[in-house]
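Report on the structure given below.
Residue numbers (my numbering): 27 to 216.
Below, the structure written as structure tokens:
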């Protein structure tokens, strides 16, 4: 008689998410995830080919969360400001997860950057205010506002600065205005 599976794929993903959200990607190991579930590592390898497979599926779950629950929330009705605002507030609400995804070398790094860039580009293209921008201008807007928003997010989540929502909105709007009048696009090497 075959043994009944007691640990599900969803439970493993939930434990993996908890490890990343509380301890960071440097602790993303089969042993640490199994420890969260109080079991051996065997169920992880029964459900996933390897840790990269688990990490890929975890990222899909995180992308879905950010795309559906975090980034689309409207505050001002201005796409870029709302996106920056949501990113900053996510960094403050979920400090460790934010750092794990965006600031750790072990973490999402490039994948998160690509996901965020694609999300930003699609959102901006749907905004009539930016309908006539070139690909280079959209890239400049992304790079410039992302750098400013990341600075605000990092300083706020560390408790160093405490701007109001109105101050955040003004900082982002000033960045957008400055970027759109520049002749040279803002390039960043990742």
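Glycine included, each C-beta is placed from N, C-alpha and C at the ideal position.
Going straight from the alpha carbon of residue i to that of residue j, what length do you get?
{"i": "residue 172", "j": "residue 125", "result": "15 Å"}
{"i": "residue 201", "j": "residue 209", "result": "15 Å"}
{"i": "residue 167", "j": "residue 77", "result": "35 Å"}
{"i": "residue 196", "j": "residue 160", "result": "24 Å"}
{"i": "residue 98", "j": "residue 146", "result": "10 Å"}
{"i": "residue 32", "j": "residue 95", "result": "30 Å"}
{"i": "residue 149", "j": "residue 142", "result": "10 Å"}
{"i": "residue 203", "j": "residue 191", "result": "18 Å"}
{"i": "residue 122", "j": "residue 174", "result": "20 Å"}
{"i": "residue 156", "j": "residue 185", "result": "34 Å"}
Taking its Cβ as the centre, do 16 or more other Cβ atoms sit within 10 Å of residue i, making it buried, or is it exposed?
{"i": "residue 72", "result": "exposed"}
{"i": "residue 84", "result": "buried"}
Please look up how many angstroms separate the CB atoms of residue i and residue j, rounded, as I've assumed it's under 8 Å.
{"i": "residue 54", "j": "residue 81", "result": "7 Å"}
{"i": "residue 107", "j": "residue 199", "result": "6 Å"}
{"i": "residue 205", "j": "residue 170", "result": "4 Å"}
Would you be able to state if there are at least three C-beta pairs under 8 Å between the segment 54-67 and the segment 29-46?
Using a Cβ-Cβ distance cut-off of 8 Å, the segment 29-46 and the segment 54-67 are in contact, since at least three pairs of beta carbons, one from each stretch, lie closer than that value.
Does the structure place the segment 174-181 close enough to the segment 109-123 that three or more beta carbon pairs sit under 8 Å? Three or more Cβ pairs closer than 8 Å define a contact, and the segment 109-123 meets that threshold against the segment 174-181.
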